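> Sequences listed follow chains A, B and C, in order.
If you're matching positions, the first sequence starts at 30 in our numbering and goes up one per residue.
If you're matching positions, the second sequence starts at 822 in our numbering and goes up one per residue.
If you're matching positions, the third sequence starts at 745 in our numbering and goes up one per residue.
Once you've had a glance at the structure underneath, I'll fire off some questions.
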Amino acid sequence: MSVLVYTEVSKGRVKKSSLECVNYAANIAKQMGTSVTAIVNNAEAAHIEELGKAGANKILTVKNEKINSDSVLITAMIEQAAKAEGSKVVIFAFDVTGKAAAPRLSAKLKAGLVAGAIDLPVINGNTFEVKKNVFSGKANATYVIHSDIKIISLLPNSFPVQLSGGAATTSDLTIDLPASRIIVKETRSNSSGGMIPLPEAELVVSAGRGLKGPENWKIVEDLANSLGATTACSRPVADMHWRPHHEHVGQTGVAIRPNLYIAIGISGAIQHLAGVNGSKTIVVINNDKEAPFFKSADYGIVGDAFSILPKLTEAVKKFKAHQN
Amino acid sequence: MKILVAISNVPDTTTKIQFTDGDTKFNSQGVTFVINPYDEWYALVRALELKEANLAEKVTLIHVGLVDSEATIRKGLSLGADDAVRINAEGPDAFFVAEQIANYAKANSYELVLVGKETINYNGSSVGAIVAGLMDLPFISLATKLELAGTKATIEHDVDGGVQIVECDLPLVISCAKGMAEQRIPNMRGIMAARTKPLTVIEGSGSSALTSVKSYALNPGRTTCKMITEDNLDELVSLLHTEAKVI
Amino acid sequence: MSGQILDTQVGMSFQLSENQVAIADMIRKFGKDHIYPKMMEWDESQEFPVDVFKKLGDLGLMGVLVPTEYGGSGFGYTEYVTAITELGSICGSIALSMAAHNSLCTGHILQFGNEEQKKKYLPKLASAEWIGAWGLTEANTGSDALRMKCVAKQDGDHWILNGTKNWITHGISGDVAVVLARTGELLDSHGITAFIVERTTPGFKGGKKENKLGMRASETAELIFDNCKIHKSQVLGNVGDGFVQAMKVLDGGRISIAALSLGIAKGALTASIKYSKERQQFGQPISNFQAIAFKLADMATEFEAAELLTFQAADMKNKGKKMTKESAIAKYYASEVAVRVSTEAVQIFGGYGYTKDFPVEKFYRDSKLCTIGEGTSEIQKLVIAREILKD
């Protein structure tokens, strides 16, 4: 009956979104008077410890090299774990994997899914009420899950991670995988230069057409480096190939909700705002004081990015030096 | 080989969102509806390109919705789809919509089902994966390129932190993202032809709702923007630390 | 009836049809990518952008009223009005050229050509493979067409054409022209005949291109005929029917100029509404001032009245009714509204309105053609008066 959480290890660490999910599941489990089981493939001791600290009581460890990005395999693994645990609640992160596997599990278990939850469910007997963003972040909707089994995928960066210091028991899970029909020919990682991938980034520095050309991105990158932020861009910039497409944030690109979004030389078209207005704090730098983005910002600077950015980078460096 | 493209009827991106009936319904008064951009620009246009390259015989649109979405369906027909099916039901959730699509695709032997990566109204990214789950087919999400050679599809798609190229034999369900195709506009002949292309209406059937919306609320906008001068950037950094608490 | 009418409703309807909405949407999207970015350049250099016309042809906008069996789009006048209006709200020049091509040259062949002529010319015109011109006006006979000097004399199986036509849209770039020439007595309304003349016909050439106040991307030039020998198979309808045909073509043409006027008024009004909400003076948007708000109210009222008159004429034309009076009223009123609305738009924009950085100065210049072309306002009044005073 435990709350089951799907977690992932990527680039040698437990994904932050997975830790958020475990924390989230722990809150639900507490309300329901049950425990949290996390399932993880190819994890090491340190990862297991981290999952325990995040609130998992039990960890199902799978060792299977065959499981790749194919959602058929991932879903089969989780389905078998859910059956083994008798879980009535399954939690995913609303990320690339969760967007493919959670709905598939919903089909397999005939379980109601809320995709992209932003808050803890309100539990009323056998129904859950879960809030999620709709209309590209302009509004939210409270969904009621009526089915016996409930699946929730949690929007990254919407639930803070608290490490409590608990320890989990582990149990190996052997799973019976179906044949995958997908043949992976090549995998390339985005050259994010060691930066945190955009959907997970807490700090994002984003620039638009106001930068005038790709050759001017150094000052953007310098600011991002000083903050430890990830760089992003507006749609026209990606369309003109000044920056790679995976950096494009907005309604048609990646939708993000970092703690800090700094927008430089981006006017703030409604389609761009739709992809970033979930950010906790927005700073807008634009030389046009009429730029609509200022209406959606917390802090604004009117002026020339080419003179502001180096000064801001210096100010950040000074702050960081003082911090240490 | 027949392609089924699922399209959703959504408010235009510039719509001011409002709710009605005690915040339980989207207020569609005066709203312009369009084909969900991901369904149109990427899924539908790529399907049409494959047909034009003689790699598919037929492109069918499927939509789950009431009669007032037929104008949107005809927009899809005007772009070049051969025919359309409207499942006459107001879907309470993604599962219901996906179930209608899966039933139709199965009964009519569609070998490729294309959907947009998400709808811009409910943003669930769920329908394609549920369709694939119900049909027991592979699902490839966030595809940015799709090529066909006979019954073999080669797909480039976004994965966590990168891009992957995969191969898979049909039948298959794919969710389509930016990069799949260039946006098109219809022409007069397409607009005229859309009026006479078959638009079949089938009554919806299937499960009771697994989920439903209880209420909506607008997300609060930001109220004030604190302006900072260029000579005061230390102040900004300090505010981000002490006031916003983000650095 | 030329167009294939799909919306046959009983009673009155003031709502745009789904087709009209789709056509307007198509043109807005096309204009954003293919017209907006270059239109001020074309205006400045008076370049007639032939490639844009080929693209309009691909969209089916160069044979809106031509039935599909001749390669056209097969729509009626209401859709035609919507198309010109939407294009005109972006760029008057492009809309004028489209209107002239559709209504005049193509329209004349469509209404009065025999089957062979229709099969030969309509597919080329509807696809914009060929651009069409139409020649009635001469240097000294504008409104007074019966005094035209351009003559055609029969010579066996041929006609020999001599004379000059002026103010002809696509006079140089047109691949084919429908030309009205005298084949009978001066002032005899049955003494004029219409001919189809291809560009490559010996003795036919384009002349001087006009340097105009507005509509500068639309080509206006002379047609010159010097012993131009035309086979009798190129006569449209019967010899001597040309003037009557031309008047009917102009009845339809007036609707297209009314639609063009609506487009200019719409473009100027939309820009004015947007600007007056953005522009701040004395600490508030200028739309808060009654002096501006009342201007906008007048502009909107006149625009909507003109729109209703134009759709009335279009609807009558669709139904095959005589609409000489209604098309003249629509053309007269809509063109005067286009001039008034675009003039007020420049006033609302103030100093900015007088510069080429904002669209209203172009609407202002382009609008004036509408009260002149295809029959001046004064001629429209003459037509209207004649119709209402008839016994």
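All residues carry an ideal CB built from backbone N, CA and C; glycine is no exception.
None of the values given here were measured: they were computed from a predicted structure.
Should A/A130 be labelled buried (16 or more other beta-carbon atoms within 10 Å of its own) or exposed?
Position 101 of the first sequence, counting from 1, holds the residue named residue 130 of chain A. Result: buried.
> Where C/G947 and C/I904 are concerned, what is the direct C-alpha to C-alpha distance, given to the nearest angstrom?
Residue 947 of chain C sits at position 203 when you count from the first residue of the third sequence. Residue 904 of chain C sits at position 160 when you count from the first residue of the third sequence. Spanning the two alpha carbons is a distance of roughly 9 Å.
> Distance check for A/Q300 and B/D1055, CA to CA, integer angstroms please.
Here residue 1055 of chain B refers to the residue found at position 234 of the second sequence. Here residue 300 of chain A refers to the residue found at position 271 of the first sequence. Straight-line Cα distance between these residues: approximately 31 Å.
> Please confirm whether C/A827 and C/I767 have their CB atoms less than 8 Å apart.
To locate residue 827 of chain C, count along the third sequence from 1; it is residue 83. To locate residue 767 of chain C, count along the third sequence from 1; it is residue 23. Yes, the pair counts as a contact, with Cβ atoms nearer than the cut-off.
> Please give the ranges of any beta strand (DSSP E) in the segment 133-163 of chain A, keeping only runs that are unbroken, at least 3 residues long and fully inside the region.
141-146, 151-153, 156-163
> Ignoring anything shorter than 4 residues, give me the alpha helix (DSSP H) runs that lie fully in the segment 1032-1116 of chain C, in order along the chain.
1034-1062, 1068-1093, 1104-1111
> Label A/H270 either buried or exposed according to how many other C-beta atoms from any shown protein chain fall within 10 Å of its C-beta, with 16 as the threshold for buried.
As a working mapping, residue 270 of chain A is identified with position 241 in the first sequence. Under this definition A/H270 is an exposed residue.
> Determine the chain D residues that contact B/K896 at a beta-carbon separation under 7 Å, and present them in chain order.
The structure shown contains no chain D; the protein chains it does contain are A, B and C.
> So with Cβ pairs under 8 Å, would you call C/L905 a contact of chain B?
Working through the third sequence from its first residue, we reach residue 905 of chain C at position 161. Not one chain B Cβ lies under 8 Å of C/L905.
> Kindly list, in the order they appear in chain B, the residues whose Cβ is closer than 9 Å to that of A/H175.
To locate residue 175 of chain A, count along the first sequence from 1; it is residue 146. Simply S1029, A1030, L1031, T1032, S1033.
> Within the chosen definition, does the segment 56-71 of chain A reach the segment 149-157 of chain A through at least 3 CB pairs nearer than 8 Å?
yes
> Counting C-beta neighbours from all protein chains within 10 Å, is the total for A/S200 16 or more, i.e. buried, or is it exposed?
Residue mapping note: residue 200 of chain A aligns to position 171 of the first sequence, counting from 1. So A/S200 ends up on the exposed side.
> According to the neighbour-count rule (16 or more other Cβ atoms, all chains shown, within 10 Å of its Cβ), is A/P207 buried or exposed?
Taking the first residue of the first sequence as position 1, residue 207 of chain A is located at position 178. Label assigned to A/P207: exposed.
> Within the segment 910-961 of chain C, note down every full alpha helix (DSSP H) run reaching 4 residues or more, in order along the chain.
DSSP runs (the alpha helix (DSSP H)) wholly in the segment 910-961 of chain C: none.
> Should C/Q989 be labelled buried (16 or more other beta-carbon atoms within 10 Å of its own) or exposed?
Mapped onto the third sequence, residue 989 of chain C falls at position 245. C/Q989 comes out buried.
> When you compare each of B/V1058, B/R1043, B/P1041 to B/I1049 by their alpha carbons, which one comes out closest?
For the purposes of this step, residue 1049 of chain B is taken as the residue at position 228 of the second sequence. Nearest in C-alpha terms to B/I1049, of all of B/V1058, B/R1043, B/P1041, is B/V1058.
> Look at C/K862 and C/L869 and say whether their C-beta atoms are less than 8 Å apart.
Counting from 1 along the third sequence, the entry for residue 862 of chain C is found at position 118. Counting from 1 along the third sequence, the entry for residue 869 of chain C is found at position 125. The answer is no: Cβ separation not under 8 Å.
> Could you tell me whether the Cβ of B/P858 comes closer than 8 Å to any Cβ of chain A?
Within the second sequence, numbered from 1, the residue matching residue 858 of chain B stands at position 37. Judged by the 8 Å Cβ criterion, B/P858 is in contact with chain A.
> Just to confirm, is the Cβ distance from C/K1075 to C/R1023 under 8 Å?
Taking the first residue of the third sequence as 1, we reach residue 1075 of chain C at position 331. Taking the first residue of the third sequence as 1, we reach residue 1023 of chain C at position 279. Against a cut-off of 8 Å, the Cβ pair of C/R1023 and C/K1075 comes out as no contact.
> List the endpoints of the continuous beta strand (DSSP E) containing B/P832.
Position 11 of the second sequence, counted from the first residue, corresponds to residue 832 of chain B. Looking at the DSSP string, the run of the beta strand (DSSP E) that includes B/P832 is 830-832.
> Just to confirm the assignment: which complete beta strand (DSSP E) runs, minimum length 3, are found wholly within the segment 302-351 of chain A?
List check, beta strand (DSSP E) in window: 310-315, 328-331.
> Going along chain B, which residues have a C-beta under 9 Å from C/V825?
Translated into positions along the third sequence, residue 825 of chain C becomes position 81. Correct list: empty, because the minimum Cβ distance to chain B is about 14 Å.
> Does B/P992 have its Cβ less than 8 Å from a Cβ in chain C?
Along the second sequence, read from residue 1 onward, the residue named residue 992 of chain B stands at position 171. By this cut-off, B/P992 is not an interface position.
> At what residue ranges does the segment 159-211 of chain A contain a whole run of the beta strand (DSSP E), taking only runs of 3 or more?
168-174, 179-183, 198-201
> Taking B/H1062 as the reference, give the member of A/I211, A/K347, A/A303, A/M224 with the closest Cα.
By 1-based counting over the second sequence, the position of residue 1062 of chain B is 241. For the residues A/I211, A/K347, A/A303, A/M224, the minimum Cα distance to B/H1062 belongs to A/K347.
> Keeping to the same chain, check which residues put their C-beta closer than 8 Å to that of C/L1013; ignore five residues upstream and five downstream.
In the third sequence, residue 1013 of chain C corresponds to position 269, counting from 1. Taken in chain order, the residues that qualify are L1040, M1043, A1044, F1047, V1085, A1089.
> So with CB distances below 9 Å, who are the chain B contacts of C/S817?
By one-based count along the third sequence, residue 817 of chain C stands at place 73. The answer, in chain order, is N1008, M1009, R1010, I1012, M1013.
> Thinking just about the alpha-carbon of each residue, which of C/L880, C/G958, C/Q1124 is nearest to the one in C/Q715?
Chain C is shown from 745 up to 1135; residue 715 of chain C falls before or after that span and cannot be answered.
> Along the segment 149-175 of chain A, where does the CB come closer than 7 Å to a CB of chain B? Name the residues.
E158, N162, V163, F164, S165, G166, K167, A168, N169, A170, T171, Y172, V173, I174, H175
> Quick check: the Cα distance between C/R891 and C/G851, rounded to an integer number of angstroms?
Position 147 of the third sequence holds residue 891 of chain C. Position 107 of the third sequence holds residue 851 of chain C. Whole-angstrom Cα-Cα distance: 24 Å.
> Taking B/L898 as the reference, which of B/T1045, B/V866, B/S947 has the closest Cα?
Position 77 of the second sequence, counted from the first residue, corresponds to residue 898 of chain B. The shortest Cα separation from B/L898 among B/T1045, B/V866, B/S947 belongs to B/V866.
> Starting from A/V118, follow the beta strand (DSSP E) in both directions and report where the run begins and ends.
In the first sequence, counting from the first residue as 1, residue 118 of chain A sits at position 89. A/V118 -> beta strand (DSSP E) spans 118-122.
> Out of A/V38, A/V34, A/L102, point me to the one whose CA is closest to A/S209's CA.
Taking the first sequence and counting its residues from 1, one reaches residue 209 of chain A at position 180. Restricting attention to A/V38, A/V34, A/L102, the CA atom closest to the CA of A/S209 is found in A/L102.
> Going by beta-carbon coordinates alone, are A/Q280 and A/A258 separated by less than 8 Å?
Your numbering for residue 280 of chain A matches position 251 in the first sequence. Your numbering for residue 258 of chain A matches position 229 in the first sequence. Their beta carbons are not under 8 Å apart, which means A/Q280 does not touch A/A258 by this criterion.
> Take C/F1107 and list the residues in its own chain whose beta-carbon comes closer than 6 Å to its own, dropping the five residues that flank it on each side.
In the third sequence, counting from the first residue as 1, residue 1107 of chain C sits at position 363. Counting only Cβ-Cβ distances below 6 Å, and skipping sequence neighbours, we find I1008, G1011, A1012, S1086.
> What are the boundary residues of the alpha helix (DSSP H) that includes A/C50?
The sequence position of residue 50 of chain A within the first sequence is 21, counting from 1. First-last of the alpha helix (DSSP H) with A/C50: 45-61.
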